[in-house]
Amino acid sequence: MWVHNAECCDLGIGEINPRTGHKVLASHKIEAGSNSDYIIEATKPSAKGKLVNTKTQYYENPGHHDPKGGGNVGYNSTKSVLPENHIELWNKSVIVKSDPKNRWAVETKNSKTIYHRFQDDGNGNFHWNGSTDGKTARGEARAIKIDDVPKELKR
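Here the sequence shown is numbered in the working numbering, starting from 1 and rising by one per residue.
Here it is in C-alpha cells:
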C-alpha cells in the first residue's frame, strides 16, 4: 500500500510541541472529517484511490501528575500519580462515541480492572488525566469515579 502525506508538519516522538512546550511521547492517527490528508493506493479495488482525512493526536507529559519531574510543569501534590506504563496505556487507548474529548485505556492488575483517562486540551494534545485506581504521591485516594467511565468501555 502506498500512502502520500499531504501535511508536512507532524511532530516526531521526542520533539517539543510548539503549541504546549511539552515533549511528544507518542501519537495516534485518527480518521477525521471529509477532506484528504492521505490518498491510499491498495490492491483491493474498493480501497484503491480512497481519500482519508487524518488527524494526529499527541501524547505529552506536562508534569503535574509526575512526582519524578518528567515534564516542564512541577508535580501537583493533589493530583494522582502518573503510572509507570503510561506510554503503553496511551498506545492501547481508544476513543468512545459517548466521550469523544478523551481517550481511554483499560488494564487488569491483580484481577482488578482499571480505567485510565487521557484528556484532550482541545488542540489534539493529550495528557494522562487519572484512573479509577488513582492515588497521590502520599498514597491518598484520587480516583476517577467509575460512573465517569463510559458505559461502552466497562467490562
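Beta carbons are placed, not taken as given, at the ideal position from N, Cα and C, and that holds for glycine. For clarity, every value in this text was computed on a predicted model and none was experimentally measured.
Q) DSSP three-state call for Asp-99: helix, strand or coil? A) strand
Review point. Less than 8 Å separating the beta-carbons of Ser-80 and Phe-118?
Key: no
Worksheet entry | Chain-order list of residues whose beta-carbon lies under 6 Å from that of Ala-137 (same chain, five-residue window excluded) | Pro-67 and Val-81
- Item | First through last residue of the alpha helix (DSSP H) which encompasses Lys-92 | 86-92
Quiz item: Which whole-angstrom value describes the C-beta separation of Phe-126 and Asp-133, a residue pair presumed to lie in contact below a C-beta threshold of 8 Å?
Solution: About 19 Å separates the two Cβ atoms, so there is no contact after all.
Element boundaries [beta strand (DSSP E), containing Lys-112]: 112-120
Quick check: the Cα distance between Tyr-38 and Thr-78, rounded to an integer number of angstroms? Note that Tyr-38 scores a pLDDT of 46, beneath 50, so its modelled location is shaky; the value from the coordinates is reported in the next line. Going by the C-alpha atoms only, they are around 43 Å apart.
Using the three-state DSSP reduction, which class does Ile-39 fall into: helix, strand or coil? Legend: pLDDT at Ile-39 = 46, less than 50; position of this residue unreliable, value from coordinates given subsequently. Ile-39: strand per DSSP, three-state reduction.
Fill in: Extent of the continuous beta strand (DSSP E) to which His-127 belongs
125-131
Assign Glu-60 to buried or exposed, taking buried as 16 or more other Cβ atoms, counted over all protein chains shown, within 10 Å of its Cβ. buried
Between the Cα of Pro-83 and those of Ala-143, Val-96 and Val-24, spot the shortest distance and give me the residue it belongs to. Ala-143
Residue of Lys-112, Asn-102, Pro-62 and Trp-90 minimising C-alpha distance to Gly-21:
Pro-62
For this session: Using the Cα positions of Ile-13 and His-64, report the straight-line distance between them to the nearest angstrom.
Result: 20 Å
State buried or exposed for Ser-27, treating a residue as buried only when at least 16 other CB atoms are found within 10 Å of its CB.
-> buried
Note to self: Taking its Cβ as the centre, do 16 or more other Cβ atoms sit within 10 Å of Asn-123, making it buried, or is it exposed?
What the structure shows: exposed
#### Entry: Other residues of its chain near Ala-141: CB distance less than 8 Å, five sequence neighbours each side excluded
Gly-134 and Lys-135
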